[in-house]
Amino acid sequence: MRVVEGKGLTVTYRRGKVIAVKGLDFKVDKGEVYILIGPDGAGKSSVLKSTAGVIKYDGGSLRVFGKDPNREREFQKVREKISFMPQGLGHNLYKRLSVKENLEFFADLYGVSEREKRERMELLLKVTGLYPFKERKAGKLSGGMMQKLGICCALIHKPELLILDEPTTGVDPVSRREIWKLIYDFVKEGVTVMVATSYLDEAERGSSILLMKGGEALSQGEPEEVARTKGRVFVVEGEDYRKAYEKLWEITNTVRLKGKKVRAVCKGERIREVLKGLKVEIREVEPEIEDFFVEKVGLKRVKLPEILRPKTIPPEEAVVVKNVVKAFGDFKAVNGVSFTIKSGEIFGLLGPNGAGKTTLIKTILGLYQPTEGEILVAGERERRKIKEIIGYMSQKFSLYTDLTVMENLKLWGAVYGVSLEEVEEIVSRTAHILGFESYLKVKVKALPLGIKQRVSLLSALLHKPPIVFLDEPTSGVDPAERDVFWQVIRTYSKDFGATVLVTTHYLDEAEYCDRLLLMNMGRAVAVGAPDELKKRTKEELGEPFIVYTKNPFEAEEKLKKSGFKAVIYGKKVKVFVKGELDLNRLKEAGVKVLRVKRGEISMEDVFVNEVEKSMGNS
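For the sequence shown, the UniProt record's numbering gives the first residue as 1, with consecutive numbering after it.
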């Protein structure tokens with residue numbers, strides 16, 4: 001049964017001056033998990049809001065349960081079948097009300113009977129794990145818990161179509177996996193779900209996906225169809241991986257460097273010809289959505305100019321944290337954390353919401369005084385000196401929206417004690433390389449997200465700091481923008497010798513780091529290189545296999561009952577097995593297998609495993 005259908009859908013803003021969606025055709029069938037994927041500004045939210053009847057569309061046609069959302073009277077007949085959760089942590093919640101009171105409010109709003117309200121609340125609170133927190137104020141919940149409550153409020157009246165706008169943005173990978181499990185639980189009940197996300201790795205969780213950029217469809221269909229590239233995808237690793245990275249730019253603009261692995265989309269055997277004589281191993285891998293995206297839009301090679309080379313290089317031990325505790329009253333936000341970041345290293349800091357990452361960074365920056373322990377930054381203890389040594393790019397970008405790009409850069413130059421002449425010289429040599437030369441006189445509030453990100457990064461590098469802290473730096477940008485950003489960071493670290501500390505929820509980004517520290521509940525739970533952590537996870541969980549089956553929900557349930565560790569991904573189930581997979585065991589579990597392929601341990605698997613271990617759940 002067709003639930004939603006758009007033909008030539010067009011959505012504009014500012015009286016037609018801004019086109020958000022351009023002539024889009026799409027359809028959503030009953031029981032689907034339909035994922036709209038793409039960077040900020042792609043048009044995803046406009047499609048969802050039009051479908052929910054929150055905004056009017058301007059061209060083409062749109063039908064939801066056969067009714068036109070632009071016709072208010074007609075659409076009123078099906079409105080109760082639809083539930084919409086807007087973008088942003090807790091934006092559909094009342095922060096001063098408790099979890100229970102929020103659910104009661106939405107139940108009353110939708111006219112749910114007292115008996116059904118009690119039953120529905122009990123079910124939703126237990127399924128989401130929110131039952132122990134039902135008396136807690138919504139504003140006091142973590143990001144992940146807030147999103148779960150938002151979904152519960154959207155589901156309280158048993159809608160047939162659930163529309164979620166970026167429900168996983170800003171939440172950690174453990175909460176993200178829990179939110180997806182929650183979505184699948186309700187799909188089993190017969191709910192159709194439309195989800196928007198900027199995380200490309202979430203595409204495989206859908207039954208159908210729509211990949212968008214600039215208001216248009218780049219591709220749509222099942223995840224594996226969308227990931228299909230014209231060229232073949234190769235991974236290159238080995239002693240000469242940096243040389244291979246440079247050489248591959250001669251034949252393709254799809255080259256990405258992730259840690260010590262180079263990934264590229266190439267046609268034929270050209271890759272082997274151009275890398276002949278280098279000490280590298282070349283292997284072909286299956287394409288992912290990101291491969292299709294970069295093949296479609298292309299990447300840009302960026303080299304940072306010498307003018308930004310740091311004035312000094314940190315000592316061998318660039319950042320030293322020894323048994324640091326930061327307490328607020330009786331609560332220890334950071335509890336006995338120790339680690340060392342080496343000079344020239346890109347060091348990743350990961351952890352669930354509320355793990356203590358932000359508190360730890362603020363303590364290292366000198367914004368908080370540690371309750372216990374010792375912190376050395378480039379050998380310095382004094383907070384005033386530490387601030388001069390560090391460049392800091394915050395999650396919110398720290399730019400003044402009513403000032404132009406150039407005005408912001410001059411302001412931050414003055415804050416860091418950089419002369420006006422030097423700021424102008426730096427900008428003249430870097431703006432064209434970073435791609436914002438034409439935006440220098442534009443106010444920040446009018447900038448595309450990727451440009452805003454690069455301006456924010458340059459403002460943090462103006463005083464040429466030997467150590468840089470990046471807090472969630474690439475949230476919401478597309479893979480092409482993210483790649484430009486990381487090329488700049490790699491040059492600053494690997495070529496110029498600076499040290500970089502980055503926090504991220506985008507786990508693919510963890511692969512760009514030399515080493516990672518995972519935190520949970522204020523403590524350090526794991527530290528090591530990405531490949532080391534993956535190897536350890538594989539030893540603990542077993543070999544991953546991808547099982548294709550007609551009913552993944554039923555398969556996951558049966559596999560878990562038979563003692564397998566299994567995670568659902570759209571139409572597939574990821575199963576972990578010690579040793580080789582015995583298909584007879586799957587059949588004995590009652591799973592109807594269509595096909596099986598060997599999978600890979602992802603950083604999400606590492607993250608979830610380490611967090612669960614630290615909480616005693618594995």
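Glycine is no exception: its CB is placed at the ideal position from the N, C-alpha and C atoms.
What you are looking at is a predicted structure, and each value in this text was computed from that prediction instead of being measured.
So the candidates are the options; which of them puts its Cα closest to the Cα of residue i?
i: Pro473; options: Ile451, Lys494, Leu462, Lys464; result: Ile451
i: Ala555; options: Val575, Lys44, His463, Arg14; result: Val575
i: Phe347; options: Arg490, Leu594, Val54; result: Arg490
i: Lys494; options: Arg63, Arg429, Arg242; result: Arg242
i: Val547; options: Val611, Val567, Lys67; result: Val567
i: Glu316; options: Gly563, Pro466, Leu103; result: Pro466
i: Lys362; options: Leu470, Glu306, Glu421, Thr312; result: Leu470
i: Val21; options: Gly53, Asp58, Val54; result: Asp58
i: Leu434; options: Cys513, Ser46, Leu308; result: Leu308
i: Ser475; options: Leu130, Asp29, Ala529, Leu200; result: Leu200
i: Met603; options: Met146, Pro223, Leu533; result: Leu533
i: Tyr512; options: Ala529, Phe496, Thr358, Phe339; result: Ala529
i: residue 678; options: Glu224, Gly129, Glu135; result: No answer is possible for residue 678: the residues shown for the chain start at 1 and end at 618.
i: Thr312; options: Ser343, Ser338, Lys81, Phe339; result: Ser343
i: Arg71; options: Ser83, Gly53, Ile82; result: Gly53
i: Gly190; options: Gly413, Glu388, Asp29; result: Asp29
How many Å lie between residue i and residue j at the Cα?
i: Pro448; j: Cys266; result: 30 Å
i: Gly366; j: Leu210; result: 45 Å
i: Val405; j: Leu411; result: 10 Å
i: Met194; j: Glu600; result: 28 Å
i: Ser98; j: Lys126; result: 16 Å
i: Leu161; j: Thr499; result: 48 Å
i: Ser618; j: Ser398; result: Because the pLDDT at Ser618 is just 42, under 50, the model does not fix this residue reliably, and the value given afterwards should be weighed accordingly. Cα to Cα, the separation comes out at about 40 Å.
i: Gly231; j: Phe293; result: 12 Å
i: Arg523; j: Asp478; result: 32 Å
i: Gly379; j: Ile341; result: 12 Å
i: Leu141; j: Tyr94; result: 12 Å
i: Gly88; j: Ala227; result: 28 Å
i: Cys152; j: Val3; result: 22 Å
i: Thr537; j: Leu278; result: 31 Å
i: Asn408; j: Gly417; result: 14 Å
i: Glu216; j: Arg73; result: 30 Å
i: Asp483; j: Leu403; result: 27 Å
i: Pro69; j: Leu62; result: 7 Å
i: Arg585; j: Ser208; result: 30 Å
i: Lys117; j: Phe328; result: 39 Å
i: Thr229; j: Leu462; result: 40 Å
i: Pro310; j: Val423; result: 15 Å
i: Asp291; j: Lys258; result: 13 Å
i: Gly616; j: Gly16; result: 55 Å
i: Lys561; j: Glu588; result: 11 Å
i: Glu612; j: Glu178; result: 12 Å
i: Ser614; j: Val415; result: 41 Å
i: Asp605; j: Gly170; result: 19 Å
i: Lys326; j: Val577; result: 40 Å
i: Tyr110; j: Tyr439; result: 47 Å
Assuming residue i contacts residue j under a Cβ cut-off of 8 Å, what Cβ separation, rounded to an integer in Å, is found between them?
i: Val285; j: Lys247; result: Actually they do not touch by this definition, with Cβ atoms about 19 Å apart.
i: Glu281; j: Arg515; result: No, Glu281 and Arg515 are not in contact; Cβ-Cβ is about 23 Å, not under 8 Å.
i: Leu9; j: Met85; result: Actually they are not in contact, since the Cβ atoms of Leu9 and Met85 sit about 21 Å apart, beyond 8 Å.
i: Val573; j: Leu583; result: 14 Å between Cβ atoms; not a contact.
i: Gly60; j: Lys7; result: 5 Å
i: Leu518; j: Leu350; result: 5 Å
i: Arg263; j: Val235; result: 5 Å
i: Glu610; j: Ala526; result: 5 Å
i: Leu304; j: Val488; result: 6 Å
i: Ser50; j: Val11; result: 6 Å
i: Gly150; j: Asn92; result: 5 Å
i: Val596; j: Phe545; result: 6 Å
Does residue i have its Cβ less than 8 Å from a Cβ in chain B?
i: Val321; result: Among the chains of the structure shown, chain B does not appear; only one protein chain is present.
I want to check one thing, is the minimum distance from the CB of residue i to the heavy atoms of the ligand FMN below 7 Å?
i: Val320; result: With respect to small molecules bound, the structure shown includes none, and the ligand FMN cannot be examined in it.
Practice task
Assess, as a yes-or-no matter, whether the stretch 249 to 263 is touched by the stretch 295 to 305 under the definition of 3 or more beta carbon pairs within less than 8 Å.
Solution key: yes
Practice task
Mind listing, in chain order, the continuous alpha helix (DSSP H) runs of no fewer than 4 residues lying wholly within the stretch 109 to 138?
Solution key: 114 to 128
Exercise for the section: Entirely within the stretch 444 to 476 and at least 4 residues each: give me those alpha helix (DSSP H) ranges in chain order. Expected result: 449 to 461
Exercise for the section: Could you tell me whether the stretch 20 to 36 touches the stretch 72 to 81, using the rule of 3 or more Cβ pairs below 8 Å? Expected result: no
Exercise for the section: Examine the Cβ distances between the stretch 584 to 594 and the stretch 141 to 157 and report whether three or more of them are shorter than 8 Å. Expected result: no
Problem - Segment contact, 8 Å Cβ cut-off, at least three pairs: the stretch 356 to 371 with the stretch 321 to 332 - result: yes
Handout entry: Whole runs of the alpha helix (DSSP H) within the stretch 316 to 368, excluding any shorter than 4 residues
Key = 357 to 365
Handout entry: Cβ contact check for the stretch 411 to 431 and the stretch 500 to 519: 3 or more pairs under 8 Å
Key = no
Exercise for the section: List in chain order: all unbroken beta strand (DSSP E) runs of 3+ residues lying wholly within the stretch 234 to 264. Expected result: 256 to 258
Problem - Length at least 3, wholly inside the stretch 485 to 527: the beta strand (DSSP E) runs in chain order - result: 499 to 503, 515 to 520
Exercise for the section: Mind listing, in chain order, the continuous alpha helix (DSSP H) runs of no fewer than 4 residues lying wholly within the stretch 394 to 445? Expected result: 405 to 415, 420 to 434
Problem - In chain order, each alpha helix (DSSP H) run of at least 4 residues that lies wholly inside the stretch 67 to 101 - result: 72 to 76
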